[in-house]
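What follows is one structure encoded as structure tokens, with my remarks underneath.
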Amino acid sequence: MLRRYRFEILAVIAILAFCTLFLRVGNAEFAGSDTVGSSQIAKITGIPEEQFHPLVWQWVPPSGEVESTLFALQAAIGGIFVGWFFGYWKGLKEQERERT
Amino acid sequence: MHIMEGFLPVFWCVVWWLVALPCLALGVYQLKKVLSADREALPLLGVTGGFVFILSSLKLPSVTGSCSHPTGTGLSAIAFGPWITAVLGAIVLLFQALFLAHGGLSTMGANTVSMGIVGPLVGWGIYRALRDTPVNLYVTVFLAAAFADLFTYFTTSLELALAYPAQVGGVGSSFVVFMGIFAITQVPLAILESIILVLVFKYIVQLRPEILVRLKVFPEGKIMAAGRDA
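Quick note, the sequences are listed as chains A and B, same order.
For the first sequence, position 85 (counting from the first letter as 1) is numbered 85 according to this note's numbering, and the numbering increases by one without interruption.
Numbers given in this note's numbering equal positions in the second sequence, counted from 1, plus 1000.
Okay, here's the thing in structure tokens:
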């Protein structure tokens, strides 16, 4: 039993351990590392961040809410693919079992 | 791991696009070949590609007090190799550049090289080195996924260091600084991601070991043993 579900158990432990790491960090900002990276570029070059302009025009989500919607959409698209094909495999397996 | 639009000089945008394009072309070619040779490869592509979509949308906080996201490219690199994975990575990056303002079209070449090419290539290399050894199949998947993730961020750091060498210490000292931002943040995320991908791989082994055997992902004996064991 324990061996059968060893990866599930390991995953739960890892997620819990991951969460507890943040009990210690306190009030950090948790900005995206992309943003932190960009500020570092500004620091190295001495050019303020505002002066970096897109080379190619880019649509920017009007607010953080809109952005999080689109991120959720990205995950949902992935989830549909994963669920669809796991379901397909499951169905195939059932079918094979019935045949034999 | 995205280099934001406008934050890479034109010269480096062009360089990385030139590196990325032939890899993507090879990936599209391989993709067509794999899918026409075996229709049952499509579900595996859907599952491994789906995880690139899901995991790269999750921005997780990390110990350094900033957020970053896993890449999810390890499974696809193992099943289909780095070039097809580059195509999957590019699709995700295009979605994020167009709709999320994460990364951009000019920096997409550089981002494709890090997330789609170098990361998966390193992961795939580790997998190929261990595939025919007695090393446990799940350990192999774990290591390949973890290194695919870590080397994505390693590459981003290198790309930024090359474009922005520090006044004192040059590329090397810039690299150390960017590694501090991207790579250290990534270590716990890479471990977490890899455990999740190992779990997913276990489900594939349980449900559809045939396709892994047919695509010669692992030697048949190893897959069957893992299936009985799980």
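The beta-carbon is built from N, C-alpha and C at its ideal position, and this holds for glycine as well.
Residue i vs residue j beta-carbon contact at 7 angstroms
{"i": "Thr1112 (chain B)", "j": "Ala1148 (chain B)", "result": "no"}
{"i": "Ile1054 (chain B)", "j": "Ala1086 (chain B)", "result": "no"}
{"i": "Ala1163 (chain B)", "j": "Gly1074 (chain B)", "result": "no"}
{"i": "Thr1156 (chain B)", "j": "Phe1182 (chain B)", "result": "yes"}
{"i": "Phe1201 (chain B)", "j": "Val1141 (chain B)", "result": "yes"}
{"i": "Pro1188 (chain B)", "j": "Ser1076 (chain B)", "result": "no"}
{"i": "Gln58 (chain A)", "j": "Ala1110 (chain B)", "result": "no"}
{"i": "Phe1007 (chain B)", "j": "Ile13 (chain A)", "result": "no"}
{"i": "Ser1056 (chain B)", "j": "Val1092 (chain B)", "result": "yes"}
{"i": "Val1130 (chain B)", "j": "Phe1218 (chain B)", "result": "According to the sequence as given, residue 1130 (chain B) is Leu; it is not Val. Not closer than 7 angstroms, so no."}
{"i": "Ala1161 (chain B)", "j": "Val1168 (chain B)", "result": "no"}
{"i": "Leu1199 (chain B)", "j": "Ala72 (chain A)", "result": "no"}
{"i": "Phe52 (chain A)", "j": "Leu1192 (chain B)", "result": "no"}
{"i": "Pro1209 (chain B)", "j": "Gly1227 (chain B)", "result": "yes"}
{"i": "Ile970 (chain B)", "j": "Leu1143 (chain B)", "result": "With chain B covering 1001 to 1230 only, the question about residue 970 (chain B) has no answer from this structure."}
Burial state of residue i, where buried means 16 or more other Cβ atoms lie within 10 Å
{"i": "Ser39 (chain A)", "result": "exposed"}
{"i": "Thr20 (chain A)", "result": "exposed"}
{"i": "Val1010 (chain B)", "result": "exposed"}
{"i": "Gln1096 (chain B)", "result": "buried"}
{"i": "Lys1059 (chain B)", "result": "buried"}
{"i": "Trp1124 (chain B)", "result": "buried"}
{"i": "Asp34 (chain A)", "result": "buried"}
{"i": "Leu16 (chain A)", "result": "exposed"}
{"i": "Tyr127 (chain A)", "result": "Since the first residue of chain A shown is 1 and the last is 100, residue 127 (chain A) is not available in this structure."}
{"i": "Ser68 (chain A)", "result": "exposed"}
{"i": "Leu1021 (chain B)", "result": "exposed"}
{"i": "Pro1043 (chain B)", "result": "buried"}
{"i": "Leu2 (chain A)", "result": "exposed"}
{"i": "Ser63 (chain A)", "result": "exposed"}
{"i": "Trp1016 (chain B)", "result": "buried"}
{"i": "Pro1134 (chain B)", "result": "exposed"}
{"i": "Gly78 (chain A)", "result": "buried"}
{"i": "Val1122 (chain B)", "result": "buried"}
{"i": "Glu1159 (chain B)", "result": "buried"}
{"i": "Gly1027 (chain B)", "result": "buried"}
Minimum C-alpha distance to residue i - residue among the options
{"i": "Gly1119 (chain B)", "options": "B:Val1139, B:Ala1190, B:Asn1136, B:Phe1178", "result": "B:Ala1190"}
{"i": "Ala75 (chain A)", "options": "B:Cys1013, B:Thr1071, B:Ile1078", "result": "B:Thr1071"}
{"i": "Ala1004 (chain B)", "options": "B:Trp1017, B:Ser1106, B:Val1019, B:Thr1064", "result": "The displayed chain sequence assigns Met, not Ala, to residue 1004 (chain B). For the residues B:Trp1017, B:Ser1106, B:Val1019, B:Thr1064, the minimum Cα distance to Met1004 (chain B) belongs to B:Ser1106."}
{"i": "Val1213 (chain B)", "options": "B:Gln1206, B:Leu1207, B:Ile1223", "result": "B:Ile1223"}
{"i": "Ile1204 (chain B)", "options": "B:Ile1078, B:Gly1104, B:Ser1036, B:Met1115", "result": "B:Ile1078"}
{"i": "Phe7 (chain A)", "options": "B:Ile1195, B:Ala1226, B:Gly1172", "result": "B:Ile1195"}
{"i": "Val56 (chain A)", "options": "B:Glu1220, B:Leu1160, B:Cys1013", "result": "B:Cys1013"}
{"i": "Ile89 (chain A)", "options": "B:Tyr1127, B:Ile1084, B:Ser1068, B:Val1047", "result": "First, the residue type needs correcting, since residue 89 (chain A) is Trp and not Ile in the sequence shown. Ranking B:Tyr1127, B:Ile1084, B:Ser1068, B:Val1047 by Cα distance to Trp89 (chain A) puts B:Val1047 first."}
{"i": "Arg1128 (chain B)", "options": "B:Glu1159, B:Pro1082, B:Met1115, B:Val1168", "result": "B:Pro1082"}
{"i": "Ile80 (chain A)", "options": "B:Thr1064, B:Val1052, B:His1069", "result": "B:Val1052"}
{"i": "Gly1216 (chain B)", "options": "B:Val1139, B:Asp1038, B:Ser1173, B:Ala1025", "result": "One detail in the question is off: residue 1216 (chain B) reads as Lys in this sequence, not Gly. Selected option, being the one with the closest Cα: B:Asp1038."}
{"i": "Phe30 (chain A)", "options": "B:Gly1227, B:Thr1064, B:Leu1197, B:Val1122", "result": "B:Thr1064"}
{"i": "Ala1041 (chain B)", "options": "B:Ala1225, B:Asp1229, B:Ile1211", "result": "B:Ile1211"}
{"i": "Leu1197 (chain B)", "options": "B:Tyr1029, B:Asp1229, B:Val1139", "result": "B:Val1139"}
Closer than 6 angstroms: residue i CB and nearest the ligand FMN heavy atom
{"i": "Leu1098 (chain B)", "result": "By its list of ligands, the structure shown contains no ligand whatsoever, and the ligand FMN lies outside what it can speak to."}
For residue j and residue i, believed in contact at Cβ under 8 angstroms, the rounded distance
{"i": "Val82 (chain A)", "j": "Gly1050 (chain B)", "result": "4 angstroms"}
{"i": "Thr1185 (chain B)", "j": "Ser1066 (chain B)", "result": "6 angstroms"}
{"i": "Leu1207 (chain B)", "j": "Phe86 (chain A)", "result": "7 angstroms"}
{"i": "Met1108 (chain B)", "j": "Leu1088 (chain B)", "result": "At roughly 14 angstroms, the Cβ-Cβ gap does not stay under 8 angstroms, so Met1108 (chain B) and Leu1088 (chain B) are not in contact."}
{"i": "Phe1080 (chain B)", "j": "Leu70 (chain A)", "result": "Wrong, their Cβ atoms sit about 27 angstroms apart, outside the cutoff."}
{"i": "Ala1166 (chain B)", "j": "Ile44 (chain A)", "result": "6 angstroms"}
{"i": "Met1115 (chain B)", "j": "Ser1068 (chain B)", "result": "Their Cβ separation, rounded to whole angstroms, is 12 angstroms, which puts Met1115 (chain B) and Ser1068 (chain B) out of contact at 8 angstroms."}
{"i": "Pro54 (chain A)", "j": "Gly1103 (chain B)", "result": "Actually they are not in contact, since the Cβ atoms of Pro54 (chain A) and Gly1103 (chain B) sit about 11 angstroms apart, beyond 8 angstroms."}
{"i": "Leu1031 (chain B)", "j": "Ile1084 (chain B)", "result": "5 angstroms"}
Interface residues of chain D facing residue i [CB-CB closer than 7 angstroms]
{"i": "Ile1196 (chain B)", "result": "The structure shown has no chain D; the protein chains it does contain are A and B."}
Exercise. Whole alpha helix (DSSP H) runs in the segment 1090-1163 of chain B with 4 or more residues, listed along the chain?
Worked result: 1108-1111, 1119-1131, 1137-1163
Exercise. Which ranges would you report for the beta strand (DSSP E) in the segment 1012-1082 of chain B if only whole runs of at least 3 residues count?
Worked result: 1066-1068
Exercise. Along the chain, which unbroken stretches of the alpha helix (DSSP H) at least 4 residues long are found entirely within the segment 8-80 of chain A?
Worked result: 33-45
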